[in-house]
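Heads up: the structure comes next, in structure tokens.
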Amino acid sequence: MNTVPALLVSVVLLPALAGAAPEARPPAVSFEEVSRRAAAARDAGDAAGAIRWYREGVRLRPAWDEGWWYIGALSYERHDSAPAARAFARFVALKPDSGPGWALRGLAEFDRRNYDASMRHLAHGLSLGSVGNAEIRDAVYYHMAVLRLRAGQFPLASEPLAALARAKSEAPSLVTACGLFLLGMAMLPEDVPAEKQELVQAAGRAGFSVLGGRPEARQRFEDLLARYPDTPNLHYGYGGYLLQQGADNAGPALDAFRKEIAVDPKAVYPRLEIAFELMKQGDHAAALPYAEEATRLAPGLFAAHHALGRALLETGQVARGVSELERAVRLAPDSPDMRAALARAYVMAGRREDAEKERDAYRRLQVEREKNRLPGFAREDTVPEEAKKP
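The structure is reproduced here in structure tokens:
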């Protein structure tokens, strides 16, 4: 291999370097001029140029929150999620009470597939009261819904999906999310396998209509069940829809829940729906076996012990009823409804002092609930524990 001798290099280069004039440095640009040029580039639609000038601005003045905001926003618009997430992290460090800042940080993290961080930041943004304009809010609702679906938190996905279904048209991604919700499939819309696409889309059209309160919902559900009569969760969803239509539909709803149990003998929630509906009708004895089965299938589910406790109390088995409701409270100590149910059980058992303690707990929890009017999907305390870790 031929190499150029070091001595030759020095002989050739040193005279040139020795005689070279010092390179002239460009005159410094003031922060005010940098800020003006950044805004001008942004207004002209030159995102790359604007980002370059905003970066120079935050180099000169690191606490310039406007600069970090526009670096994040313009990068996010260009689908450059990594620098967007970093810029929004700097922005919220300067403006920790900015709901829109936290929201856009969460959206950027979602695009990076940092789903746990995305859920944390989106929830924090929502907890601050406002995440910005309608476009940002709808994006936050959609992404929060699909993150709840991915985590298997289906009840918490229902409210943002319903809000979007009432306000939006049948966009494919939203329809897919509604299908995953109805089918109880814990995944993101983009992760649906090819062989499930047709089922998810059909379920999504029915789910979209139900969540949006649209008139075609019943017909779409019936068509769906005619095509997929043995698919889990569909009869359960139909029964829930029928219950929402009024007392006249209670009979068909109970039939739908029983069909769901036939399709999936280990299904818990149809049994609970039957138990609660029968108790609503005053038939606690008929509700009892469904509640018993629910607690056997899901011993860690507080709602199952709540149903069983109520059914036992009303069929004269007070001691067992109290025990079941105590377990429900242990599983859900922050639920005002569980505290109220246990207080009533203690009264029936003649335990007045214990009843008063539960009433006090109920009143305290109600005050806390009134202070925090956020829906469940937006609350930080409903983020799964594994997602809370940085």
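Under my numbering, the residues of the sequence shown are numbered -5 to 384, in order.
By construction, the Cβ of each residue, glycine as well, lies at the ideal position given by its N, Cα and C atoms.
Would residue 264 be called buried (16 or more neighbouring beta carbons within 10 Å of its own) or exposed? Result: buried.
Could you please give the first and the last residue of the uninterrupted alpha helix (DSSP H) stretch that includes residue 160? Annotation: the continuous alpha helix (DSSP H) that includes residue 160 extends over 148 to 161.
Rounding to the nearest angstrom, what Cα-Cα distance links residue 117 and residue 299 in this structure? For residue 117 and residue 299, the distance between alpha carbons rounds to 30 Å.
Using CA coordinates, which residue listed in 140, 233 and 205 is at the minimum distance from residue 164? Nearest to residue 164 by C-alpha distance, out of 140, 233 and 205, is 205.
Does residue 262 come out as helix, strand or coil in the three-state DSSP assignment? Three-state result, residue 262: coil.
Can you give me the Cβ contacts of residue 107 inside the same chain, cut-off strictly under 8 Å, excluding the 5 residues immediately before and after it? Cβ contact annotation for residue 107 (same chain, cutoff 8 Å, sequence separation greater than five): none.
Between residue 61 and the rest of its own chain, which residues show a CB-CB distance below 6 Å, the 5 nearest in sequence each way excluded? Hits under 6 Å: 48, 51 and 52.
Of the choices 72, 30, 32 and 85, whose alpha-carbon is the least far from that of residue 56? Distances from the CA of residue 56 to each of 72, 30, 32 and 85 were compared; the closest alpha carbon is that of 85.
As assigned by DSSP and simplified to three states, the class of residue 248: The answer is helix: DSSP assigns residue 248 an H, G or I state.
Please tell me whether residue 94 and residue 126 are closer than 8 Å, where the distance is taken between their beta carbons. Contact: yes.
With the cut-off set at 8 Å, would you say residue 377 and residue 138 are in Cβ contact? Not a contact, by the Cβ cut-off of 8 Å.
Residue 187, buried or exposed, once every other Cβ within 10 Å from all chains shown has been counted against 16: Counting other Cβ atoms within 10 Å of its Cβ, residue 187 stays below 16 and is therefore classed as exposed.
Is it true that the segment 272 to 280 meets the segment 292 to 311, where meeting means three or more beta-carbon pairs spaced less than 8 Å apart? As far as the Cβ criterion goes, the segment 272 to 280 touches the segment 292 to 311, which means the pair count is three or higher.
Could you work out which residue in 183, 286 and 256 is closest to residue 266 when comparing CA atoms only? Nearest C-alpha to residue 266: 286.
Considering only C-alpha positions, which residue in the set 83, 332 and 339 is nearest to residue 296? Residue 296 has its Cα closest to that of 332, out of 83, 332 and 339.
Going by DSSP in three states, residue 179 sits in which element: helix, strand or coil? Three-state result, residue 179: coil.
The alpha helix (DSSP H) with residue 396 in it runs from where to where? Given a span of -5 to 384 for the chain in the structure shown, any question on residue 396 remains unanswerable.
Distance check for residue 81 and residue 231, CA to CA, integer angstroms please. Using only the alpha carbons, I get a separation of about 42 Å.
Counting only the same chain and skipping the five closest in sequence on each side, list residues whose C-beta sits under 7 Å from that of residue 158. Only residues of its own chain outside the window of five on either side were considered, and among them 132, 135, 136 and 168 have a CB closer than 7 Å to the CB of residue 158, listed in chain order.
Segments of 4+ residues assigned as alpha helix (DSSP H) that fall wholly inside the segment 107 to 142: 109 to 121, all fully within the segment 107 to 142.
Residues near residue 374 by beta carbon distance below 8 Å, same chain, minus five either side: Contacts found: 114, 117, 118 and 121.
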